[in-house]
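Number of protein chains: 2
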Amino acid sequence: MSRPLPQKRATVHDIAAAVGMSRGTVSRVLNGGYVSAEARAAIEAAMTDLGYVPNNAARALKMRRSQAVAFVAHEPHSLFLDDPNIGSIMLGANAALSLADHQMVSLVVESARDNERVARYLSGGFVDGAIVVSARTNDPIIKVISDLALPAAFIGHPPDLAQHIPFVGIDNVGSAVAITEHLVSTGRRRIGMIAAALDRDSGIDRLNGFRDALGPLFDEELIADVPHYDYGSGVKGMRDLLEREPGIDGVFAASDAIAAGALEALREAGRSVPGDVGLVGFDDSTWAVRCQPQLTTVHQPAKELGSCAAQVVLRQLSGETVETTRQLLPTPLVLRDSA
Amino acid sequence: MSRPLPQKRATVHDIAAAVGMSRGTVSRVLNGGYVSAEARAAIEAAMTDLGYVPNNAARALKMRRSQAVAFVAHEPHSLFLDDPNIGSIMLGANAALSLADHQMVSLVVESARDNERVARYLSGGFVDGAIVVSARTNDPIIKVISDLALPAAFIGHPPDLAQHIPFVGIDNVGSAVAITEHLVSTGRRRIGMIAAALDRDSGIDRLNGFRDALGPLFDEELIADVPHYDYGSGVKGMRDLLEREPGIDGVFAASDAIAAGALEALREAGRSVPGDVGLVGFDDSTWAVRCQPQLTTVHQPAKELGSCAAQVVLRQLSGETVETTRQLLPTPLVLRDSA
DNA sequence: TACGGATGTGTGAACGTGCACACAGTAGGA
DNA sequence: TCCTACTGTGTGCACGTTCACACATCCGTA
Chain E
1095 MSRPLPQKRA
1105 TVHDIAAAVG
1115 MSRGTVSRVL
1125 NGGYVSAEAR
1135 AAIEAAMTDL
1145 GYVPNNAARA
1155 LKMRRSQAVA
1165 FVAHEPHSLF
1175 LDDPNIGSIM
1185 LGANAALSLA
1195 DHQMVSLVVE
1205 SARDNERVAR
1215 YLSGGFVDGA
1225 IVVSARTNDP
1235 IIKVISDLAL
1245 PAAFIGHPPD
1255 LAQHIPFVGI
1265 DNVGSAVAIT
1275 EHLVSTGRRR
1285 IGMIAAALDR
1295 DSGIDRLNGF
1305 RDALGPLFDE
1315 ELIADVPHYD
1325 YGSGVKGMRD
1335 LLEREPGIDG
1345 VFAASDAIAA
1355 GALEALREAG
1365 RSVPGDVGLV
1375 GFDDSTWAVR
1385 CQPQLTTVHQ
1395 PAKELGSCAA
1405 QVVLRQLSGE
1415 TVETTRQLLP
1425 TPLVLRDSA
Chain X
1095 MSRPLPQKRA
1105 TVHDIAAAVG
1115 MSRGTVSRVL
1125 NGGYVSAEAR
1135 AAIEAAMTDL
1145 GYVPNNAARA
1155 LKMRRSQAVA
1165 FVAHEPHSLF
1175 LDDPNIGSIM
1185 LGANAALSLA
1195 DHQMVSLVVE
1205 SARDNERVAR
1215 YLSGGFVDGA
1225 IVVSARTNDP
1235 IIKVISDLAL
1245 PAAFIGHPPD
1255 LAQHIPFVGI
1265 DNVGSAVAIT
1275 EHLVSTGRRR
1285 IGMIAAALDR
1295 DSGIDRLNGF
1305 RDALGPLFDE
1315 ELIADVPHYD
1325 YGSGVKGMRD
1335 LLEREPGIDG
1345 VFAASDAIAA
1355 GALEALREAG
1365 RSVPGDVGLV
1375 GFDDSTWAVR
1385 CQPQLTTVHQ
1395 PAKELGSCAA
1405 QVVLRQLSGE
1415 TVETTRQLLP
1425 TPLVLRDSA
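Protein chains in written order, with this note's numbering: chain E, 1095 to 1433; chain X, 1095 to 1433.
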């Protein structure tokens, strides 16, 4: 079980000794300060010569900063496969952190074991802050962040038990209202919804927005309830709706993937889109432009969500007090061919 | 620019002082050793009381081990969006590392800036090893890993300049041969290929396998060369092939996404699949079962690639010398409806 | 000449941890 | 009685870094 120690690497002492100076001067070359041109040149030469790389662990220990920010993704299994947004959120966050010369490290939480280990990791000083995507309510990670006052930002699921932790998201209710009103404005009257993930607030909010926007046109019978935001759920949900109400002329799918599945079911049933049925999605993911016809949908600013959350964490790191604890990003409607 | 130091946290000293014992005893309850039952109880009580969490940075500095392994993903923009495999590879790696109580940290490389920062990160002692996905030939990260003798494993793209670094992948040539032979066995004679990513070895190998398998049936005219493994490339490539050879009756698409695009182009052109044209893909991704008809394809063992690479790194970490430096995982054919 | 400031360099301490070692007490066997 | 083995605890040092401080030198000016 005992492991061999890794290869010994050059330290500030080694290069100081190599050029006959003290470690202080070497440190000054690295971090700024008064150093003569000759000394600097000699030290830099020795550094490349001995292949010196500063030890992050030692630096983090002394400085109490690691220049790293965690990106914690929950249940990525479904996220990676069904929701193309998680990748864009990551890239947005990475870009923003990169500009501030911070390293983004993504941590995947799939099991209880992962959860505990990630919580330990977050509290151990390897990261200065965290961006947390779609955590569940009673997540131990929320507790750790709250207890340690770790600079953090949540995306996609506000942490109800720790109201002081900043949150960045979209207005699911408002977006659902807007896209539903679009359906109505195109003359549809028997409008249904394929509602998904009603155990998450994103799913609930989209359904609520749909109900609000429809008002008297709303019919409980025209809600198909499916578990996930994926293609298969879309196929099933649409078949369900068609069976219940053959005269349906408008459908709001809770995601683009669902809409793509619905499109397939409509094709099976011989219905044309947008001729017979107007169909709208949610996300503006790659699904939206792959479909035939292309989807009218709600643009989800995934990249911006990521970079915005990163900014929030970086601001906390630089000592600013973050005032706006809940921030909602705009979600423009994207009008294409499906409705 | 100067930042406030994070909140002071309890250390071994603090809890030792709290119970009137020495730090050594505290260390022993953490890491094992002779401790009396009363002492252990008192110390554990003080730990939860003061909210003690061990400092990873200090531990890593002292132990020269961080219990963390990096997962480096290159150009994730295209990977996350077009290739659903990267997510599965990550999850496979995470599961294997998790079992060995190691933390997987994913690092995204998108820009030259990222590249440099990640290289620094890898060499700084925050991770004990690295899993690298699809690195390019002259990648500075390869150099760092090689120079520091960092335990590592490559996936998807063997590091040509550092032959001693272990590699886990699939036999692209053999897989392409197998799936092409399947096409031939179903009676197709005018068989084309939509070849993609011919700047990567995966793309080149798949084309070579196709050529080898076809033998005298091979026709250079029936190769459509597209840049990426994505849907749009598939549409374009298939239109191209149809224009060049209207009598084409078999197509090998270099990926499932490409095959899905090809399916769309074939539908446009009024060709039925598999009636008029036999179509096969590569990857066995979610695309394969979404298509109508479902795709016959090559199963890419994404999860296994990840876990296998993780095992290789873990073995190096435990001091074993890794003998098999190049390891290819089996890629069974998945026969569905498209050919 | 003396003095203050700017420039350049060395030294000691500290960050929080784990481990080797030292030490004390007890028990058992020669 | 002494020696050894085992249990339990305390102490010093090292990991590699940064920073405050001390010290040294040089220059310009009063």
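Glycine included, each C-beta is placed from N, C-alpha and C at the ideal position.
>> If the criterion is Cβ atoms closer than 8 Å, does the pair LEU1399/X and GLY1186/X meet it?
In response: Within the second sequence, numbered from 1, the residue matching residue 1399/X stands at position 305. Within the second sequence, numbered from 1, the residue matching residue 1186/X stands at position 92. Contact flag set, yes.
>> List, in chain order, every chain X residue whose beta-carbon is nearer than 7 Å to that of ARG1384/E.
In response: If you number the first sequence from 1, residue 1384/E lands on position 290. Those are TYR1325, listed as they occur along chain X.
> From ILE1259/X to ILE1298/E, what distance separates their C-alpha atoms?
Replying inline: As a first step, residue 1259/X is located in the second sequence; it is residue number 165 there, counting from the start. As a first step, residue 1298/E is located in the first sequence; it is residue number 204 there, counting from the start. Roughly 49 Å separates the two Cα atoms.
>> I'd like the ranges of any alpha helix (DSSP H) spanning at least 4 consecutive residues and lying wholly in the region 1183 to 1212 of chain E.
In response: none
> Within the 8 Å Cβ cut-off, does PHE1376/X reach chain E?
Replying inline: Locating residue 1376/X in the second sequence gives position 282, where the first residue counts as 1. So no, PHE1376/X is outside the interface.
> What residues in its chain sit with their C-beta under 7 Å from that of VAL1129/X, if we drop five residues either side in the sequence?
Replying inline: By one-based count along the second sequence, residue 1129/X stands at place 35. Closer than 7 Å at the Cβ level, and outside the excluded window around VAL1129/X, lie THR1119, ARG1122, VAL1123.
> Under the three-state reduction of DSSP, which class applies to MET1287/X: helix, strand or coil?
Replying inline: Your numbering for residue 1287/X matches position 193 in the second sequence. Residue state, collapsed to three classes: strand.
> Relative to the alpha-carbon of ARG1283/E, which residue among GLN1161/E, ALA1135/E, GLN1388/E, GLU1339/E has its alpha-carbon at the smallest distance?
Replying inline: Counting from one through the first sequence, the residue named residue 1283/E turns up at place 189. ARG1283/E has its Cα closest to that of GLU1339/E, out of GLN1161/E, ALA1135/E, GLN1388/E, GLU1339/E.
> What residue from LYS1102/X, ASP1350/X, TRP1381/X, GLY1328/X has the CA that sits closest to ALA1356/X's CA?
Replying inline: If you number the second sequence from 1, residue 1356/X lands on position 262. Of the candidates LYS1102/X, ASP1350/X, TRP1381/X, GLY1328/X, the one whose C-alpha sits nearest the C-alpha of ALA1356/X is GLY1328/X.
>> I need the DSSP call for LEU1429/X, collapsed to helix, strand or coil.
In response: Looking up residue 1429/X in the second sequence gives position 335. In the structure shown, LEU1429/X sits in coil (DSSP, three-state: anything other than H, G, I, E or B).
> Nearest-angstrom Cα distance between ASP1222/X and ARG1214/X?
Replying inline: Against the second sequence, residue 1222/X aligns to sequence position 128. Against the second sequence, residue 1214/X aligns to sequence position 120. Looking at the two C-alpha atoms, the distance is approximately 13 Å.
> What does a CB cutoff of less than 7 Å around LEU1242/X pick up in its chain, not counting 5 residues either side in sequence?
Replying inline: Numbered from 1 along the second sequence, position 148 holds the residue referred to as residue 1242/X. If we look at LEU1242/X and ignore the five residues flanking it on each side, its Cβ neighbours are SER1217.
>> My output table needs one value for ALA1295/E: the three-state DSSP class, helix, strand or coil.
In response: Taking the first sequence and counting its residues from 1, one reaches residue 1295/E at position 201. The sequence as given places Asp at residue 1295/E; Ala does not occur at that position. If DSSP states are grouped into helix, strand and coil, ASP1295/E belongs with the helices.
>> Once DSSP output is grouped into helix, strand and coil, what is the label at VAL1407/X?
In response: Your numbering for residue 1407/X matches position 313 in the second sequence. Helix.
>> Tell me which residue opens and which closes the alpha helix (DSSP H) that ILE1352/X is part of.
In response: If you number the second sequence from 1, residue 1352/X lands on position 258. 1350 to 1362 is the span of the alpha helix (DSSP H), which, as asked, contains ILE1352/X.
> Which residues bound the alpha helix (DSSP H) around GLY1326/E?
Replying inline: Stepping through the first sequence from its first residue, residue 1326/E is reached at position 232. 1325 to 1338 is the span of the alpha helix (DSSP H), which, as asked, contains GLY1326/E.
> Can you tell me the Cα-Cα spacing of SER1192/E and MET1157/X, whole angstroms?
Replying inline: Numbered from 1 along the first sequence, position 98 holds the residue referred to as residue 1192/E. Numbered from 1 along the second sequence, position 63 holds the residue referred to as residue 1157/X. Approximately 29 Å between the Cα atoms of the pair.
> Under three-state DSSP, which class holds GLY1218/X?
Replying inline: Counted from its first residue, the second sequence places residue 1218/X at position 124. Reduced to three states, the DSSP call for GLY1218/X is coil.
> With a cut-off of 8 Å, does the C-beta of PRO1424/E fall near any C-beta of chain X?
Replying inline: To locate residue 1424/E, count along the first sequence from 1; it is residue 330. No - not a single Cβ of chain X is within 8 Å of the one on PRO1424/E.
> What is the C-beta distance between ALA1270/X and PHE1304/X, in whole angstroms, given that I count them as a contact (C-beta under 8 Å)?
Replying inline: Taking the first residue of the second sequence as 1, we reach residue 1270/X at position 176. Taking the first residue of the second sequence as 1, we reach residue 1304/X at position 210. Right, their Cβ atoms sit about 5 Å apart.
>> Within the continuous beta strand (DSSP E) that includes LEU1423/E, where are the two ends?
In response: Numbered from 1 along the first sequence, position 329 holds the residue referred to as residue 1423/E. Where LEU1423/E is concerned, the enclosing beta strand (DSSP E) stretches over 1420 to 1423.
> Does any C-beta atom of chain X lie closer than 8 Å to the C-beta of ASP1208/E?
Replying inline: By one-based count along the first sequence, residue 1208/E stands at place 114. Closer than 8 Å to some Cβ of chain X, the Cβ of ASP1208/E qualifies, so yes.
> How long is the line joining the alpha carbons of THR1380/E and ASN1179/E, rounded to whole angstroms?
Replying inline: Your numbering for residue 1380/E matches position 286 in the first sequence. Your numbering for residue 1179/E matches position 85 in the first sequence. Distance between the alpha carbons of THR1380/E and ASN1179/E is about 9 Å.
>> Residues in the same chain with beta-carbon distance under 6 Å from SER1116/X, minus the five sequence neighbours each way, listed in chain order, please.
In response: Residue mapping note: residue 1116/X aligns to position 22 of the second sequence, counting from 1. For SER1116/X, where only same-chain residues beyond five positions count, the Cβ hits under 6 Å are ALA1110.
>> I want to verify the contact list: residues of chain E whose CB lies under 8 Å from the CB of ARG1211/X, in sequence order.
In response: Along the second sequence, one-based indexing puts residue 1211/X at 117. Residues of chain E passing the Cβ test: SER1192, ASP1195, GLN1197.
>> For GLY1358/X, count the other beta carbons within 10 Å of its own beta carbon; 16 or more makes it buried, fewer makes it exposed. Which is it?
In response: Numbered from 1 along the second sequence, position 264 holds the residue referred to as residue 1358/X. Note that residue 1358/X is Glu in the sequence shown, not Gly. When all chains shown are included, GLU1358/X counts as buried.
>> Does the structure place the region 1261 to 1281 of chain X close enough to the region 1408 to 1426 of chain X that three or more beta carbon pairs sit under 8 Å?
In response: yes
> Name the DSSP bridge partner or partners of ILE1239/X?
Replying inline: The residue given as residue 1239/X occupies position 145 in the second sequence. Looking at the DSSP assignment, ILE1239/X forms no beta bridge with any residue, so it has no partner.
> Around the C-beta of THR1142/E, are 16 or more other C-beta atoms found within 10 angstroms, so that it is buried, or is it exposed?
Replying inline: On the first sequence, residue 1142/E is found 48 positions in, with the first residue counted as 1. So THR1142/E counts as exposed.
>> Per DSSP, what are the beta-bridge partners of VAL1166/E in this structure?
In response: As a working mapping, residue 1166/E is identified with position 72 in the first sequence. Bridge partners of VAL1166/E: LEU1201/E, VAL1226/E.
> Should LEU1277/X and ALA1433/X be called a contact, given that it needs their Cβ atoms to be closer than 8 Å?
Replying inline: Taking the second sequence and counting its residues from 1, the one referred to as residue 1277/X is at position 183. Taking the second sequence and counting its residues from 1, the one referred to as residue 1433/X is at position 339. Their beta carbons are under 8 Å apart, which means LEU1277/X touches ALA1433/X by this criterion.
>> Once DSSP output is grouped into helix, strand and coil, what is the label at LEU1244/X?
In response: For the purposes of this step, residue 1244/X is taken as the residue at position 150 of the second sequence. It is coil, neither helix nor strand.
>> I'd like the span of the beta strand (DSSP E) that includes LEU1373/E, first residue to last.
In response: Here residue 1373/E refers to the residue found at position 279 when the first sequence is read from its first residue. Element bounds for LEU1373/E: 1372 to 1374.
> Ordered along the chain, which non-local residues of its own chain (more than five positions away) have a Cβ less than 7 Å from that of VAL1227/X?
Replying inline: Position 133 of the second sequence, counting from 1, holds the residue named residue 1227/X. Excluding sequence neighbours, VAL1227/X sits near VAL1166, ALA1167, HIS1168, ILE1180, ILE1183, ILE1249, GLY1250.
> For a contact meaning CB atoms closer than 7 Å, what does ALA1152/E contact in chain X?
Replying inline: Reading the first sequence from its first residue, position 58 is the one you call residue 1152/E. Residues of chain X passing the Cβ test: LEU1155.
>> If the criterion is Cβ atoms closer than 8 Å, does the pair ASN1209/X and PHE1220/E meet it?
In response: On the second sequence, position 115 is the one that residue 1209/X refers to. On the first sequence, position 126 is the one that residue 1220/E refers to. Cβ distance not < 8 Å, so ASN1209/X and PHE1220/E don't count as in contact.
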